[in-house]
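S.K.:
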Amino acid sequence: HCTDEWAWIGVENVLDKHCTDEWAKMVGWYAVIMNGQEQLFSRLSDAMKAHDDCVLRKNGPNTKRSYLNIAENYPWLFPDAAPQATNDNEGGTNNAVTPMSAKSTSGIDVKQHETSSEESKYKS
Numbered sequence: 075h076c077t078d079e080w081a082w083i084g085v086e087n088v089l090d091k092h093c094t095d096e097w098a099k100m101v102g103w104y105a106v107i108m109n110g111q112e113q114l115f116s117r118l119s120d121a122m123k124a125h126d127d128c129v130l131r132k133n134g135p136n137t138k139r140s141y142l143n144i145a146e147n148y149p150w151l152f153p154d155a156a157p158q159a160t161n162d163n164e165g166g167t168n169n170a171v172t173p174m175s176a177k178s179t180s181g182i183d184v185k186q187h188e189t190s191s192e193e194s195k196y197k198s
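Going left to right, the sequence shown walks through residues 75 to 198 as our numbering numbers them.
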């Protein structure tokens with residue numbers, strides 16, 4: 075089992091010490107309780123994403139960063155924590171999601187961002 079340093083939110087590593095399969099003994103699989111049902115995953119990343127998606131569906135825009143394993147996957151939810159686009163030494167820019175500035179019909183700058191299909195899933 076994992077230590078606190080490597081603990082995952084809502085994901086449990088399950089090992090079968092009595093199995094003849096070495097993978098099940100040493101690595102195992104990952105379990106997440108979603109909507110009252112245990113879901114099993116062979117990859118940790120899939121289990122973490124499934125947990126986070128379930129939390130987002132339940133809490134919507136009230137989701138806190140501390141509820142998620144991979145909060146970086148949802149930059150629109152935490153706009154103050156989203157990385158800003160910066161120039162690197164070679165003249166390129168990173169591809170961080172940042173708000174776009176647009177002019178409203180009254181001429182006032184309005185902050186907005188494009189809604190991705192991922193983001194749309196979690197808005198009610």
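Ideal Cβ positions, reconstructed from N, Cα and C, are used throughout, including at glycine.
In this text, all values refer to a predicted model and were calculated from it rather than measured experimentally.
From Ile-107 to Met-122, what does the alpha carbon distance come to, in whole angstroms?
M.R.: Going from the Cα of Ile-107 to the Cα of Met-122 covers about 11 Å.
S.K.: Can you check whether the CB of Asn-133 is closer than 8 Å to the CB of Val-85?
M.R.: No, these two residues do not count as a Cβ contact at 8 Å.
S.K.: Quick check on this structure: which residue in Leu-130, Asn-87, Met-100 has the alpha carbon closest to the alpha carbon of Gln-113?
M.R.: Of Leu-130, Asn-87, Met-100, the residue nearest in Cα terms is Asn-87.
S.K.: Take Arg-117 as the anchor and find which of Pro-149, Trp-103, Ser-140, Thr-94 has the nearest alpha-carbon.
M.R.: Of Pro-149, Trp-103, Ser-140, Thr-94, the residue nearest in Cα terms is Trp-103.
S.K.: Could you have a look at Tyr-104 and say whether DSSP puts it in helix, strand or coil?
M.R.: Looking at Tyr-104 - three-state DSSP - the assignment turns out to be strand.
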